[in-house]
Amino acid sequence: MTSLTRPTRRGFLKVGSGLLAMTITPAGTVVGRAWAQMPRSTKPETFATLVQMSRDCYPHDQLEDRYYAKAVDILDEAARASEEELNLLEEGVAALDQSAQDAHGVDYAAIENEADRVALLEAIADEPFKQKVRSNLVVGLYNQKELWPIFGYEGASADKGGYIDRGFDDIAWL
1 MTSLTRPTRR
11 GFLKVGSGLL
21 AMTITPAGTV
31 VGRAWAQMPR
41 STKPETFATL
51 VQMSRDCYPH
61 DQLEDRYYAK
71 AVDILDEAAR
81 ASEEELNLLE
91 EGVAALDQSA
101 QDAHGVDYAA
111 IENEADRVAL
121 LEAIADEPFK
131 QKVRSNLVVG
141 LYNQKELWPI
151 FGYEGASADK
161 GGYIDRGFDD
171 IAWL
């Protein structure tokens, strides 16, 4: 991809509505899996695939897609500043979709079975595209403060005297 085209909101809703399983009611309300982030550099279908890929890399059933979309937005923003980053994402998703088409006859995001999607990701585990998305999620997903209570993380402790006196061993899910 050589040009940086800016997708429109209308184009995103038109293309993304099928990919994101969302519906726009006559009143203008969005119903279904949707999020506030709009891609500013990647194609809407690329953004949607990156959200699904992110969920498959770090699956948390209790998290809404909007948290994954917020993490993918960081990649989209980086792609806005760098054509190299944009190409990595667009070409990586195109290759992933081609692998999905070859194996299942549909694009990656349309594969219903999570295990089938994960198998495709495992096949590209060492590729720069997969590593870029995965490494972005470590910070992009887990550094969202509103998610910390879900994972039992109470936040920084140094300013409160450290963890020893603040529930060092009270995490019930470990």
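Its first residue numbered 1, the sequence shown is counted upward by one per residue in full-length UniProt numbering.
The beta carbon of each residue, even a glycine, is placed where N, CA and C say it ideally should be.
Because the structure is a prediction, the values reported are computed rather than measured.
Using only CA atoms, which one of Q144, H104, E90, G140 lies nearest to T42?
In the sequence shown, counting from the first residue as 1, residue 42 sits at position 42. It is E90 whose Cα lies nearest to the Cα of T42.
Residue range of the alpha helix (DSSP H) that includes M53
By one-based count along the sequence shown, residue 53 stands at place 53. In this chain, the alpha helix (DSSP H) harbouring M53 covers 44 to 57.
Note down the Cα distance separating K145 from S157, rounded to an integer number of angstroms.
Counting from one through the sequence shown, the residue named residue 145 turns up at place 145. Counting from one through the sequence shown, the residue named residue 157 turns up at place 157. When only Cα atoms are considered, K145 and S157 end up about 14 Å apart.
Look at the Cβ atom of G155, then the Cβ atom of W148, and state whether they are nearer than 8 Å.
As a working mapping, residue 155 is identified with position 155 in the sequence shown. As a working mapping, residue 148 is identified with position 148 in the sequence shown. Result yes, Cβ atoms of G155 and W148 sit closer than 8 Å.
Rounded straight-line distance, which links the Cα of G152 to that of G161:
For the purposes of this step, residue 161 is taken as the residue at position 161 of the sequence shown. For the purposes of this step, residue 152 is taken as the residue at position 152 of the sequence shown. When rounded, the separation of the alpha-carbon atoms in G161 and G152 is 19 Å.
Using 10 angstroms around the beta-carbon of G92, count the other beta-carbons present and answer buried if the total reaches 16, otherwise exposed.
If you number the sequence shown from 1, residue 92 lands on position 92. It counts as buried.
Anyone know if the C-beta pair for T49 and D102 falls short of 8 Å?
Residue 49 sits at position 49 when you count from the first residue of the sequence shown. Residue 102 sits at position 102 when you count from the first residue of the sequence shown. No, these two residues do not count as a Cβ contact at 8 Å.
Three-pair Cβ contact test at 8 Å for the segment 129 to 136 versus the segment 110 to 119:
Segment contact: the segment 129 to 136 against the segment 110 to 119, fewer than three CB-CB distances shorter than 8 Å; contact not assigned.
Going by alpha carbons, who is nearest to K70 out of E85, I164, R40?
Translated into the one-based positions of the sequence shown, residue 70 becomes position 70. K70 has its Cα closest to that of R40, out of E85, I164, R40.
By the 10 Å Cβ neighbour count, where 16 or more other Cβ atoms means buried, how is E122 classified, buried or exposed?
Locating residue 122 in the sequence shown gives position 122, counting from the first residue. Exposed: under 16 other Cβ atoms inside 10 Å.
What does the Cβ neighbour count give for S82, buried or exposed, with the cut at 16 atoms within 10 Å?
Within the sequence shown, residue 82 is the residue found at index 82, counting from 1. Label assigned to S82: exposed.
What do you get for E45, buried or exposed, if any count of 16 or more other CB atoms within 10 angstroms of its CB means buried?
One-based indexing of the sequence shown puts residue 45 at position 45. Its Cβ being crowded by 16 or more others within 10 Å, E45 is buried.
For S54 and Y68, what's the separation of their Cα atoms in angstroms?
Working through the sequence shown from its first residue, we reach residue 54 at position 54. Working through the sequence shown from its first residue, we reach residue 68 at position 68. Approximately 6 Å between the Cα atoms of the pair.
Classify V106 as buried or exposed, calling it buried when 16 or more other Cβ atoms lie within 10 Å of its own Cβ.
Mapped onto the sequence shown, residue 106 falls at position 106. Within a 10 Å sphere around the beta-carbon of V106 sit fewer than 16 other beta-carbons, which makes this residue exposed.
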